[in-house]
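Structure first, then comments.
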Amino acid sequence: IKFGGFFFKNCHNDYKMKFSLDEEFPDLSLHNNHMAKVLTKEIYGKLRAKSTPSGFTVDDVIQTGVDNPGHPFIMTVGCVAGDEESYEAFKDLLDPIISDRHGGYKPTDKHKTDLNFENLKGGDDLDPNYVLSSRVRTGRSIKGFTLPPHNSRGERRAIQDLSIEALASLDGEFKGKYYPLDGMTDAEQEQLIADHFLFDKPVSPLLTCAGMARDWPDARGIWHNENKTFLVWVNEEDHLRVISMQKGGNMKEVFRRFCVGLQKIEEIFKKHNHGFMWNEHLGYILTCPSNLGTGLRGGVHVKLPKLSTHAKFEEILTRLRLQKRGTGGVDTASVGGVFDISNADRLGSSEVDQVQLVVDGVKLMVEMEKKLEKGESIDGMIPAQK
Amino acid sequence: PSSHPPPAARTSFSRVLSSKRNLGILSVVGGSVTAGFLLHREHLSAGPSVRRLYPASAEYPDLRKHNNCMASNLTPTIYSKLCAKVTPNGYTLDMAIQTGVDNPGHPFIKTVGMVAGDEESYEVFADLLDPIIKERHNGYDPTTMKHPTDLDASKIHSGQFDAKYVLSSRVRTGRSIRGLSLPPACTRAERREVERVVVDALAGLKDDLNGKYYSLTQMTDEEQQQLIDDHFLFDKPVSPLLTCAGMARDWPDARGIWHNNEKTFLIWINEEDHTRVISMEKGGNMKRVFERFCKGLKEVERLIQEKGWEFMWNERLGYILTCPSNLGTGLRAGVHVKLPRLSKDPRFNKILDNLRLQKRGTGGVDTAAVGGTFDISNLDRLGQSEVQLVQTVVDGVNYLIECEKKLEKGQDIKVPPPLKQFK
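Chain order of the listed sequences is A and B.
Here full-length UniProt numbering is used: the first residue of the first sequence is 1, the next is one more, and so on.
Here full-length UniProt numbering is used: the first residue of the second sequence is 1, the next is one more, and so on.
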């Protein structure tokens with residue numbers, strides 16, 4: 001595969017090939033992440049001479065997983081892609097990781113994409129006394145550019161320029177404004193913080209060790225519509241992160257806006273010959289293998305003080321294919337019995353499927369909460385595995 | 001030196017690098033002529049060897065809010081000239097400056113903002129590094145000047161301080177193993193080879209230098225606790241100045257600490273440099289600390305040379321280390337000294353400046369002084385020899401103690417005339 005008309009030789013990798021496999025193989029004896037579980041000397045030996053056309057190598061893929069042994073309870077992925085081609089060049093490593101992370105997804109499986117919001121049933125009647133807010137997010141990568149772990153300043157700036165142009169052409173409910181991280185005024189910054197929109201330089205070593213914070217804050221920024229219900233992050237962990245949200249429980253409306261906005265944006269990028277990275281096996285291509293497929297996390301902040309202390313809470317979530325987080329997002333604890341509940345799956349089911357699970361599951365859990373408030377049992381309501 | 005290392009040392013590594021070692025040995029003999037010789041080593045690739053999709057102007061970093069030596073010296077012209085170059089090991093300008101781009105700096109402290117990935121970086125990126133070196137080392141011009149090396153500790157005089165004032169004395173430096181990439185760029189194999197070469201040599205130290213190696217990956221809990229209690233244990237770097245330069249990759253693989261049984265000679269392996277060498281003791285006997293320092297360094301050098309290795313050094317830049325601020329001697333000789341009265345005198349900083357000394361808190365760089373006790377050490381690293389710098393510290397600290405004593409007696413002190421910088 002050519003890239004910009006040239007093959008890019010990775011001199012550093014050529015130099016590294018002089019050293020033996022045994023000498024270069026990382027020490028993963030204390031590690032607990034998907035990469036460490038899958039990477040054998042055999043696989044490493046097979047892949048170490050390879051380089052994607054843009055020069056990304058297997059060591060680049062795994063560096064974050066080598067540097068972050070992981071947590072005994074939380075299983076991180078431990079690897080990233082540097083470009084679209086990474087998922088092909090390093091299949092021998094990434095396919096088993098994808099399978100482990102995405103419930104046995106096979107290299108021959110096909111992923112269904114469905115952004116037709118009309119296929120969602122219900123979702124407009126979640127009880128706002130319990131469901132405080134609703135949100136759907138995903139990521140998109142722009143074809144023809146390498147990904148945040150690998151891209152140069154020139155590429156990142158080109159991604160920003162293209163994104164600004166695309167977003168500036170939106171109108172109606174999507175009319176909005178772009179705020180570059182290194183150009184906003186103090187007043188704008190304070191407003192974005194107050195709205196909980198502002199993202200900061202990544203501090204998590206999972207991201208920094210993968211090189212995603214390089215050159216911060218160059219070519220990073222935030223765009224949102226005037227209504228503050230549709231938000232796009234540019235050049236954070238992915239080229240684009242797209243978020244639709246609002247207070248209350250009308251997930252149907254949030255999802256409608258999500259689908260319509262995404263498709264409008266995609267049209268514009270396609271016109272510039274830079275559509276989104278996507279294929280029928282892996283769906284939307286993103287930096288972290290955990291976000292392949294839909295890259296979608298649809299969720300609510302919901303009050304479940306009684307249900308969350310019930311012995312079967314975790315079991316119920318698992319059966320509903322949902323996950324819980326604290327209201328600060330991933331890695332936070334819940335406050336006052338309010339949880340962030342979202343879909344657990346990303347790959348192998350469509351956007352509509354995943355949001356449907358959230359809508360149906362949250363509705364059921366709110367009903368369970370109400371039963372528990374009245375002192376009644378919920379044993380008869382425990383769902384079967386979805 | 002033999003060009004065929006004994007069979008025991010013939011790892012696949014040494015076979016790969018034997019040609020580099022011979023070049024290295026030549027450079028000790030031939031001086032700066034060999035620098036060019038090193039540059040003509042095996043070209044690893046033909047054709048476009050550095051990924052350059054965009055013109056230099058599109059890649060040039062935004063340094064408008066930056067205050068470090070790299071930002072002060074990296075013009076668009078220099079960037080454009082160097083951005084497509086690559087060292088034989090594959091290190092590029094963008095890699096070298098990444099730490100300075102990611103860390104704009106502090107309004108008061110001017111950091112260097114750039115590192116070397118290998119010995120050749122100092123040649124390939126000389127158009128940027130030479131002016132940075134000149135700025136950081138107070139006018140030392142690497143294009144015209146030569147750096148003197150002198151590890152003869154017998155030349156030090158008056159090197160025993162009044163123990164009523166000086167609590168401890170310490171000398172540190174770094175050494176890099178020629179032929180292996182530096183911490184920002186080294187592969188896991190190279191890093192492990194550095195560990196092997198150095199640990200092997202240290203095992204040959206005898207008498208008061210006899211000691212033991214503690215690998216970070218394998219030390220026991222008891223050993224770890226003891227090293228913490230002795231204040232010897234170093235931790236994974238958290239400073240973004242270091243992490244953004246890639247020095248913490250693969251931690252703690254091939255990192256460790258060696259120290260002698262008497263706990264007066266300590267070596268860090270694969271932290272910010274291949275090795276950091278520290279000699280220290282309680283009290284004011286700086287001469288003895290420096291004697292041990294020189295003896296230990298020379299012994300280690302002899303032992304690695306027996307196996308066909310050597311330190312990175314040239315007469316233009318002295319000892320080659322990761323950060324340009326540590327070139328030359330890489331030496332910081334200092335004391336913890338009680339100066340409660342002098343430190344309150346408004347002339348204190350001027351006196352230090354003129355004596356070519358710097359002060360730090362007793363926690364090291366970036367800490368504040370506690371109870372009038374300061375860490376006082378040499379300002380300079382490059383352009384003067386080890387003996388000259390240690391003598392400067394000795395003379396300077398003696399002067400500071402005299403000032404403190406005068407102030408105790410209610411007498412006035414004098415600001416000394418400024419020392420000449422390059423001798």
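For glycine and all other residues, C-beta sits at the position ideal for the given N, C-alpha and C.
Bounds of the beta strand (DSSP E) holding N378/B are T373 to N378. DSSP lists S133/A and D340/A as the bridge partner or partners of H301/A. If the five residues before and after D102/B are omitted, its C-beta is found closer than 8 Å to the C-beta atoms of P240 and C244, all from its own chain and listed in chain order. Beyond the five residues adjoining it in sequence on each side, L233/B comes within less than 8 Å, by CB distance, of Q224, L227 and I257 in the same chain, given in chain order. Taken in chain order, the complete alpha helix (DSSP H) segments of 4 residues or longer contained in the UniProt domain "Phosphagen kinase N-terminal" (52-138) of chain B are 56-59, 69-73, 76-82, 93-102, 121-124 and 126-136. Closest in C-alpha terms to C209/A, from the list G283/B, P416/B and D250/B, comes D250/B. Here DSSP, grouped into helix, strand and coil, assigns H34/A to helix.
Counting along the chain, A333/B sits inside the beta strand (DSSP E) bounded by residues R332 to K338.
Runs of the alpha helix (DSSP H) lying entirely within the stretch 200-261 of chain B and spanning at least 4 residues, in chain order: 221-229 and 240-243. In this structure, the alpha-carbon of Q388/B lies about 10 Å from that of T149/B. Just so you know, the alpha carbons of I376/B and A185/B end up roughly 33 Å apart.
Within the model, the alpha-carbon separation for E85/A versus H231/B is close to 48 Å. Contacts with chain B (Cβ-Cβ distance below 8 Å) from the stretch 196-227 of chain A involve T208, C209, A213, R214, D215, W216 and D218, listed in chain order. When C-beta distances to chain B are compared with 8 Å, every residue of the stretch 271-294 of chain A stays at or above that value.
Within the DSSP bridge table, the entry for T76/A names N33/A as partners. Residues of chain B whose Cβ lies closer than 7 Å to the Cβ of G154/A are, in chain order, L53, Y54, A58 and E59. Residue nearest to K91/A within the set N116/A, G326/A, L120/A and V61/A is V61/A (criterion: CA-CA distance).
Look at N270/B: its C-beta is not under 7 Å from any C-beta on chain A. Listed by position along chain B, the residues whose Cβ is nearer than 7 Å to that of R157/A are A58. Close to Q63/A, with beta-carbon spacing below 7 Å, are these residues of chain B in chain order: R249. M381/A is classed as exposed because its beta carbon has fewer than 16 other beta carbons within 10 Å across all chains shown.
The C-beta of A189/B comes closer than 7 Å to at least one C-beta of chain A. Look at G383/B here: in three-state DSSP terms it is coil, with no helix or strand label.
Collapsing the DSSP output to three states places V370/B in a strand. In this structure R347/B is exposed. Its beta-carbon is surrounded by fewer than 16 other beta-carbon atoms within 10 angstroms. E24/A belongs to the set of residues whose beta carbon lies under 7 Å from a beta carbon in chain B. Contact between F290/B and A153/B is confirmed by a C-beta separation of about 5 Å, below the 8 Å threshold. Residue state for P180/A is assigned as strand, using DSSP reduced to three classes. When Cβ pairs closer than 8 Å are counted between the two stretches, the stretch 378-386 of chain B is seen not to touch the stretch 270-282 of chain B, the count staying below three. For K371/A, there are no C-beta contacts with chain B under 8 Å, since the nearest C-beta of that chain is about 49 Å from it.
The Cβ atoms of L94/A and I43/A lie no closer than 7 Å to each other. Taking K264/A as reference, the option from Y178/A, E173/A and Q356/A with the minimal CA-CA separation is E173/A. Counting only the Cα atoms, K370/A lies some 33 Å from V242/A. Its chain contains G248 and G249 as the residues whose beta carbon lies nearer than 7 Å to that of P128/A, once the 5 sequence neighbours on both sides are disregarded; these appear in chain order. The same chain holds no residue with a CB closer than 8 Å to that of L53/B once the five nearest residues on each side in sequence are set aside. By the Cβ rule, the stretch 105-113 of chain B counts as touching the stretch 59-70 of chain B, because three or more pairs are nearer than 8 Å.
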